[in-house]
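Colleague: Going by UniProt numbering, the first residue of the sequence shown is number 1, and it counts up by one from there.
The structure that follows is given in the form of structure tokens.
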Amino acid sequence: MVSPDSTIIIVGGGVFGLSTALWLARGGYKNITVFDRCAFDKNYYNPSNGCDGASADINKVFRMAYGEKLEYQALAIEARDIWLSWNKAIADSTAGDLPAGLTPEDKLLYICGSYFVAEGPKLNDFYAKSLDAMERTAPEYRKMQFGDKEDEERLRNISPKWVEKYHVVDKINDGDINGFIDINGGITIADKACVFARFLCVKAGVKFVLGEPQGQLETLIIENHDLQKKVIGIKTSDGRSHFGDLVIVACGCWTASVIPEAHRTVEATAGTVMFIDIPKNRQDLWKRFHPDNYPVWSYRRGDGAESNLWPFSDNHLSYYQGGGFPISKEGRLKFGFRGRKFTNFQSHPTEPNLRISTPRTKYSKDPVNTVPLYGLERMKEVIAKGFPELIEFGFTDSRLCWYTDSVDNDYVIDYVPGYSDSLFICTGGSGHAFKFLPILGRHVKNQLERISDKFTPVWKWRVAEEGKENNGLSEGERGPREMSKIEMADRECPSSSIGLNQLY
């Protein structure tokens with residue numbers, strides 16, 4: 001049984017690894033070491049500087065709307081208070097009190113509002129459930145419904161700014177939309193937040209081994225005991241062995257590459273991310289898209305059930321699930337598309353007969369510097385119609401952001417069966433984990449200590465079931481999302497083509 005005196009190794013320094021390390025250290029655990037191949041102490045989680053994990057990003061959505069999943073709604077409300085306390089702690093610090101990569105002017109959470117929009121006049125089912133759940137369980141965080149005159153007047157009484165934000169999406173789908181704005185939601189500044197969380201970990205006594213080769217996992221060190229295996233440590237790429245009582249794998253989309261058994265539990269999938277850099281001489285647009293004036297938004301169109309069928313149905317062409325973010329301090333607008341989540345099947349590094357989806361990024365040995373045409377075409381259509389003032393700039397950069405999808409979009413935080421309680425998995429963010437950075441580790445600690453809470457049945461170890469869709473995990477390499485079957489956008493091409501850099 002794990003105890004505060006146990007030697008604990010955490011593989012992965014993203015949201016799951018950081019939050020787990022922080023809560024364990026604050027809970028009295030004395031011997032915690034986090035390993036990661038990225039030199040976060042030098043690149044500060046900057047996605048433009050060699051970091052390709054999902055946590056290394058310029059911003060993430062902070063929302064409390066979770067439909068009928070009230071446990072996540074409550075966790076988001078709890079996390080919000082800690083985010084705001086982190087903002088205050090940074091603002092009250094001097095520059096010398098903060099780690100490199102942070103200044104007292106930095107905020108980690110902007111309450112700019114979170115807008116949820118869908119096509120058509122009838123309120124989307126998920127949105128309706130979210131509104132109802134919040135009204136029943138947390139009325140102080142009630143959402144404001146689009147097209148509701150009473151709600152618009154409520155916003156006006158709070159601040160005229162909210163009315164302006166209420167209407168920033170009016171041109172999407174020619175105004176034929178429904179939805180709501182969550183005025184208590186917003187965005188987290190992901191890279192800065194990770195820098196601060198790592199800083200708190202170090203202050204709490206957590207050790208970090210970062211960068212290649214010393215922080216890069218080579219393999220788990222496994223002993224065989226009859227029908228049970230036991231992980232006794234890890235070997236890093238510098239040839240060193242590191243021994244511990246418990247190894248926690250928090251590798252995000254690389255998790256199945258480390259734990260072969262996890263390939264039926266989680267899958268690496270890529271979302272399409274595009275950027276528009278606004279010139280400094282366009283201060284009108286810097287102001288228009290500033291978090292003070294512009295919310296983060298998401299837009300749904302069509303039936304997602306049709307988007308991954310092969311051969312493609314007629315309905316797949318119109319399906320959309322994506323959104324946009326306020327401008328960053330550097331003048332960058334970010335747009336994402338998750339209407340199709342792409343896979344990249346390769347041979348498993350330790351099990352050559354096993355094929356798993358493996359992340360491929362700008363920083364891989366076989367780098368990819370473009371995105372699938374499928375998502376790009378749809379993003380161009382929606383963004384150009386909704387925000388025509390951006391057409392003249394076009395896209396200036398792109399990214400494949402690799403997530404870790406579980407079979408049901410709930411996290412996987414549990415002991416891995418067959419390893420004598422020596423191997424623990426902490427992953428399955430499914431595109432909605434980062435907002436919980438300040439609080440997630442509290443519940444990870446409960447699962448480690450086998451203290452049952454409301455998340456124990458939700459996050460338990462589970463695998464894809466035969467005959468079920470399993471959130472796409474049942475498709476395998478033959479499915480339509482596999483990147484080898486997908487046409488990629490050209491980085492440079494004539495204006496008559498659909499290239500990566502045009503927005504028309």
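No residue lacks a Cβ here, since even glycine has one placed at the ideal position from N, Cα and C.
1) Taking Trp-459 as the reference, which of Lys-445, Lys-468, Glu-466, Asp-226 has the closest Cα?
2) My output table needs one value for Ile-77: the three-state DSSP class, helix, strand or coil.
3) State buried or exposed for Thr-103, treating a residue as buried only when at least 16 other CB atoms are found within 10 Å of its CB.
4) In its own chain, which residues sit with a C-beta less than 6 Å from the C-beta of Met-483, not counting the 5 before and 5 after it?
5) For Tyr-141, which residues in the same chain have their Cβ closer than 8 Å to its Cβ, ignoring the five residues on either side in sequence?
6) For Val-231, report the span of its beta strand (DSSP E) as first-last.
7) Do Leu-217 and Ile-232 have their beta-carbon atoms positioned less than 8 Å apart in this structure?
8) Look up Lys-334 in the DSSP assignment and say whether it is helix, strand or coil.
9) Assuming contact is defined by CB atoms lying nearer than 8 Å, are Trp-23 and Gly-441 in contact in what I supplied?
10) For Arg-37, which three-state DSSP category applies?
11) Expressed to the nearest angstrom, what Euclidean distance is found between the alpha-carbon atoms of Tyr-294 and Lys-171?
12) I need the straight-line Cα distance from Lys-230 to Val-2, nearest angstrom please.
13) Starting from Cys-201, follow the alpha helix (DSSP H) in both directions and report where the run begins and ends.
14) Is it the case that the Cβ atoms of Phe-126 and Ile-278 are separated by a distance below 8 Å?
15) How should residue 512 be labelled, buried or exposed, when 16 other C-beta atoms within 10 angstroms of its C-beta is the threshold for buried?
16) Short of 8 Å in beta carbon distance, which residues of its chain neighbour Pro-47, apart from the five on each side in sequence? Order them along the chain.
17) Shortest alpha-carbon distance to Arg-355 belongs to which of Gly-50, Arg-332, Gly-431, Gly-476?
18) What did DSSP end up calling Arg-442 once you bin it into helix, strand or coil?
19) Taking buried to mean at least 16 other C-beta atoms within 10 Å of its own C-beta, is Leu-227 buried or exposed?
20) By DSSP's criteria, Thr-343 is part of a beta bridge. Which residues make up the other side?
21) Could you tell me whether the Cβ atoms of Ser-114 and Gly-186 are closer together than 8 Å?
22) Thinking C-alpha only, which one of Ala-197, Leu-390, Gly-252 is nearest Ala-89?
23) Answer yes if the stretch 255-271 comes into contact with the stretch 399-416, meaning at least three C-beta pairs across the two stretches below 8 Å, and no otherwise.
Modeller: This is what the structure gives:
1) Counted from its first residue, the sequence shown places residue 459 at position 459. Out of Lys-445, Lys-468, Glu-466, Asp-226, Lys-445 has the C-alpha closest to the C-alpha of Trp-459.
2) Counting from one through the sequence shown, the residue named residue 77 turns up at place 77. Helix.
3) Numbered from its first residue, the sequence shown carries residue 103 at position 103. Classification for Thr-103: exposed.
4) Taking the sequence shown and counting its residues from 1, the one referred to as residue 483 is at position 483. The residues are Phe-342, Asn-344.
5) Taking the first residue of the sequence shown as position 1, residue 141 is located at position 141. Counting only Cβ-Cβ distances below 8 Å, and skipping sequence neighbours, we find Met-64, Ile-77, Met-134, Asp-182, Asn-184.
6) In the sequence shown, residue 231 corresponds to position 231, counting from 1. Run containing Val-231: 228-236, per the beta strand (DSSP E) assignment.
7) Position 232 of the sequence shown, counted from the first residue, corresponds to residue 232. Position 217 of the sequence shown, counted from the first residue, corresponds to residue 217. The answer is no: Cβ separation not under 8 Å.
8) For this step, residue 334 is matched to residue 334 along the sequence shown. Residue state, collapsed to three classes: strand.
9) The residue labelled residue 23 in the question sits at position 23 within the sequence shown. The residue labelled residue 441 in the question sits at position 441 within the sequence shown. Yes, the pair counts as a contact, with Cβ atoms nearer than the cut-off.
10) By one-based count along the sequence shown, residue 37 stands at place 37. Reduced to three states, the DSSP call for Arg-37 is coil.
11) If you number the sequence shown from 1, residue 294 lands on position 294. If you number the sequence shown from 1, residue 171 lands on position 171. The alpha-carbon atoms of Tyr-294 and Lys-171 are separated by roughly 14 Å.
12) Taking the sequence shown and counting its residues from 1, one reaches residue 230 at position 230. Taking the sequence shown and counting its residues from 1, one reaches residue 2 at position 2. Lys-230 and Val-2: Cα-Cα distance of roughly 14 Å.
13) In the sequence shown, counting from the first residue as 1, residue 201 sits at position 201. Its alpha helix (DSSP H) spans residues 190-203.
14) What you label residue 126 is simply residue 126 of the sequence shown in a count that begins at 1. What you label residue 278 is simply residue 278 of the sequence shown in a count that begins at 1. Not in contact: Phe-126 and Ile-278 (Cβ atoms no closer than 8 Å).
15) Absent from the structure is residue 512, since the part of the chain shown begins at 1 and ends at 504.
16) Within the sequence shown, residue 47 is the residue found at index 47, counting from 1. Closer than 8 Å at the Cβ level, and outside the excluded window around Pro-47, lie Ala-56, Asp-57, Ile-58, Asp-191, Arg-399.
17) The residue given as residue 355 occupies position 355 in the sequence shown. When each option's Cα is compared against that of Arg-355, the closest is Gly-476.
18) For the purposes of this step, residue 442 is taken as the residue at position 442 of the sequence shown. If DSSP states are grouped into helix, strand and coil, Arg-442 belongs with the helices.
19) As a working note, residue 227 is residue 227 in the sequence shown. The residue is exposed, with fewer than 16 neighbouring Cβ atoms inside 10 Å.
20) As a position in the sequence shown, residue 343 is number 343, starting the count at 1. BP columns for Thr-343 point to Glu-482.
21) Locating residue 114 in the sequence shown gives position 114, counting from the first residue. Locating residue 186 in the sequence shown gives position 186, counting from the first residue. Closer than 8 Å, so yes.
22) If you number the sequence shown from 1, residue 89 lands on position 89. Nearest C-alpha to Ala-89: Ala-197.
23) yes
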